[in-house]
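Add 24 to a position in the sequence shown, counting from 1, and you land on the number used in my numbering. For each residue, glycine too, the CB sits at the ideal point set by N, CA and C.
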Amino acid sequence: KLTETEIQKRVDDYIACVAAQDEVFTKYAAEFKKVLPIEKVAKLYVAEEKFRIKMIRGFRDGSTSRKGLKERSVPASSASETEKD
25 KLTETEIQKR VDDYIACVAA QDEVFTKYAA EFKKVLPIEK VAKLYVAEEK
75 FRIKMIRGFR DGSTSRKGLK ERSVPASSAS ETEKD
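Here's what the structure looks like:
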């Protein structure tokens, strides 16, 4: 069981991490707005959020595994050659 001091340190570390992520997010948002139309910036953030949600659901449901990812990454021609061996 964690002591109160250890719990406090973990909470403080978590808050610091979230603050750092927010700082990076804010910095990159400003940079993206300089070089991209606002519609594309919005699409980027929507796509990132959808991807994040999809990954979380996949891990939660157990549908993503290292073996499954490797199998899907093999081109069709390579997969058929491997099966012949």
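query: Helix, strand or coil at L68 according to DSSP, with G and I counted as helix; result: helix
query: Inter-residue spacing [alpha-carbon to alpha-carbon] between A43 and T50; result: 11 Å
query: Collapsed DSSP secondary structure at T50 in the structure displayed; result: helix
query: For G82, the three-state DSSP class (helix, strand or coil); result: helix
query: Supposed contact pair K74 and V65 - C-beta distance, whole angstroms, cut 8 Å; result: That pair is no contact at about 15 Å.
query: Rounded straight-line distance, which links the Cα of A54 to that of V70; result: 16 Å
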